[in-house]
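Okay, structure first, notes after.
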Amino acid sequence: MWGLKKTDKRSNQVWPGSYDNERMQKAIDKTINITAWDHDKLVGCIRILSDGYLFGTISEVLVLKEYRKQGIGRELMDRAADISPTSLFFGAQPEAEGFYERLNIEKSLQSFMINKSKG
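Numbering (my numbering), first residue to last: 345 to 463.
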(Lines of atoms letter the chains of each structure in order from A and count residues from 1; the text may use other names and numbers.)
(Lines give C-alpha, C1' and ligand atoms only; values in the text may rest on other atoms or scores of the structure.)
Protein backbone atom coordinates (compact mmCIF):
# COMPACT_ATOMS: atom_id res chain seq x y z
CA MET A 1 0.00 0.00 0.00
CA TRP A 2 1.30 3.42 -0.92
CA GLY A 3 0.77 6.75 0.85
CA LEU A 4 1.18 10.46 0.10
CA LYS A 5 2.92 13.26 1.93
CA LYS A 6 3.86 16.89 1.39
CA THR A 7 7.64 16.91 1.17
CA ASP A 8 9.82 18.99 3.49
CA LYS A 9 11.42 21.68 1.33
CA ARG A 10 14.59 21.60 3.41
CA SER A 11 15.59 18.12 2.27
CA ASN A 12 19.14 17.68 1.00
CA GLN A 13 18.31 17.96 -2.69
CA VAL A 14 21.30 18.52 -4.97
CA TRP A 15 21.03 20.10 -8.42
CA PRO A 16 23.99 20.06 -10.79
CA GLY A 17 25.65 23.38 -11.44
CA SER A 18 26.28 26.42 -9.28
CA TYR A 19 23.39 28.48 -7.92
CA ASP A 20 22.96 31.54 -5.74
CA ASN A 21 21.80 30.06 -2.41
CA GLU A 22 19.47 32.95 -1.50
CA ARG A 23 17.76 32.94 -4.90
CA MET A 24 17.53 29.15 -4.80
CA GLN A 25 15.88 29.25 -1.36
CA LYS A 26 13.32 31.82 -2.59
CA ALA A 27 12.51 29.55 -5.54
CA ILE A 28 12.17 26.49 -3.30
CA ASP A 29 9.92 28.42 -0.90
CA LYS A 30 7.44 28.90 -3.76
CA THR A 31 7.49 25.20 -4.65
CA ILE A 32 5.00 22.62 -3.41
CA ASN A 33 6.14 19.00 -3.62
CA ILE A 34 3.74 16.14 -2.98
CA THR A 35 5.17 12.64 -2.98
CA ALA A 36 3.78 9.10 -3.03
CA TRP A 37 5.63 6.39 -1.15
CA ASP A 38 5.46 2.61 -0.94
CA HIS A 39 7.04 2.21 2.49
CA ASP A 40 10.51 3.78 1.94
CA LYS A 41 10.37 3.76 -1.89
CA LEU A 42 9.44 6.98 -3.70
CA VAL A 43 6.90 5.90 -6.34
CA GLY A 44 5.39 9.20 -7.50
CA CYS A 45 5.58 12.95 -7.16
CA ILE A 46 4.05 16.18 -8.34
CA ARG A 47 5.74 19.59 -8.22
CA ILE A 48 3.88 22.90 -8.24
CA LEU A 49 5.52 26.27 -8.82
CA SER A 50 3.39 29.15 -7.59
CA ASP A 51 3.44 32.83 -6.78
CA GLY A 52 1.10 31.90 -3.92
CA TYR A 53 -1.68 34.22 -5.06
CA LEU A 54 -2.52 34.34 -8.77
CA PHE A 55 -0.70 31.62 -10.64
CA GLY A 56 0.50 28.07 -10.18
CA THR A 57 1.92 25.62 -12.64
CA ILE A 58 2.43 21.90 -12.34
CA SER A 59 5.94 21.30 -13.61
CA GLU A 60 6.02 17.51 -13.22
CA VAL A 61 3.71 14.62 -12.48
CA LEU A 62 5.69 11.41 -12.24
CA VAL A 63 4.65 7.88 -11.25
CA LEU A 64 6.92 4.87 -11.63
CA LYS A 65 5.70 2.68 -14.47
CA GLU A 66 5.09 -0.35 -12.25
CA TYR A 67 2.85 1.78 -9.96
CA ARG A 68 0.65 3.29 -12.67
CA LYS A 69 -3.08 2.51 -12.92
CA GLN A 70 -3.34 2.24 -9.12
CA GLY A 71 -4.83 5.71 -8.51
CA ILE A 72 -1.56 7.36 -7.51
CA GLY A 73 -1.59 9.94 -10.31
CA ARG A 74 -5.24 10.77 -9.60
CA GLU A 75 -4.52 11.20 -5.90
CA LEU A 76 -1.49 13.40 -6.60
CA MET A 77 -3.62 15.63 -8.85
CA ASP A 78 -6.43 15.77 -6.24
CA ARG A 79 -3.98 16.72 -3.50
CA ALA A 80 -2.38 19.35 -5.75
CA ALA A 81 -5.78 20.93 -6.38
CA ASP A 82 -6.56 20.90 -2.64
CA ILE A 83 -3.20 22.27 -1.48
CA SER A 84 -2.52 24.91 -4.13
CA PRO A 85 -3.66 28.43 -3.21
CA THR A 86 -4.18 29.22 -6.91
CA SER A 87 -5.56 27.80 -10.12
CA LEU A 88 -3.12 25.37 -11.69
CA PHE A 89 -1.85 25.37 -15.26
CA PHE A 90 0.30 22.77 -16.98
CA GLY A 91 1.20 21.33 -20.32
CA ALA A 92 0.81 17.67 -21.15
CA GLN A 93 2.59 15.30 -23.44
CA PRO A 94 0.17 13.96 -26.08
CA GLU A 95 0.30 10.47 -24.59
CA ALA A 96 -0.78 11.84 -21.18
CA GLU A 97 -3.80 13.84 -22.37
CA GLY A 98 -6.18 10.90 -21.91
CA PHE A 99 -5.20 10.66 -18.23
CA TYR A 100 -6.13 14.31 -17.63
CA GLU A 101 -9.35 13.97 -19.63
CA ARG A 102 -10.38 11.01 -17.44
CA LEU A 103 -9.90 13.27 -14.42
CA ASN A 104 -12.25 15.87 -16.00
CA ILE A 105 -9.48 18.47 -16.04
CA GLU A 106 -10.33 21.34 -18.35
CA LYS A 107 -8.10 21.67 -21.39
CA SER A 108 -6.90 25.21 -22.09
CA LEU A 109 -4.73 26.79 -24.76
CA GLN A 110 -1.43 25.23 -25.73
CA SER A 111 1.58 26.38 -23.81
CA PHE A 112 4.69 27.91 -25.28
CA MET A 113 8.13 28.42 -23.78
CA ILE A 114 10.72 31.17 -23.80
CA ASN A 115 13.95 29.45 -22.85
CA LYS A 116 16.14 31.71 -20.73
CA SER A 117 19.40 30.74 -19.06
CA LYS A 118 19.66 31.42 -15.35
CA GLY A 119 21.35 34.64 -14.44
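In this text, a Cβ means the ideal position worked out from N, Cα and C, and glycines have one as well. This structure is a prediction, so every number in the text was calculated from the model and none was measured.
Leaving out five residues before and five after Y444 in sequence, what residues of the same chain have Cβ atoms less than 7 angstroms from its Cβ? Answer for Y444: A436, listed in chain order.
Is the segment 362-377 close to the segment 406-413, with three or more CB pairs under 8 angstroms? Counting C-beta pairs closer than 8 angstroms gives fewer than three between the segment 362-377 and the segment 406-413, which falls short of the contact rule.
According to DSSP, is D364 part of a helix, a strand, or is it coil? D364 sits in coil when the DSSP states are folded into three classes, being neither helix nor strand.
Helix, strand or coil at S355 [DSSP, three-state]: Low confidence applies to S355: its pLDDT is 49, below 50, so where it sits in the model is not reliable, and the reading given next is rough at best. If DSSP states are grouped into helix, strand and coil, S355 belongs with coil.
Report the option in R446, E439 and L420 whose CA atom is closest to the CA atom of G388. That would be L420, whose Cα lies nearest to the Cα of G388.
Where the beta strand (DSSP E) through I390 begins and ends: Taken as a continuous stretch (DSSP letters only), the beta strand (DSSP E) holding I390 covers K385 to S394.
Can you list, in chain order, the residues of its chain with a C-beta nearer than 8 angstroms to that of K451? Leave out the 5 residues immediately preceding and following it. Short of 8 angstroms from the beta carbon of K451, and not among the five residues preceding or following it, lie these beta carbons of its own chain, in chain order: E441, Y444 and E445.
Which two residues bound the contiguous beta strand (DSSP E) that contains I378? For I378, the enclosing beta strand (DSSP E) stretches over residues T375 to D382.
May I ask which residues mark the beginning and end of the beta strand (DSSP E) holding I402? Where I402 is concerned, the enclosing beta strand (DSSP E) stretches over G400 to V407.
L432 - partner residues in DSSP beta bridges: For L432, which the question treats as bridged, DSSP gives the partners G400.
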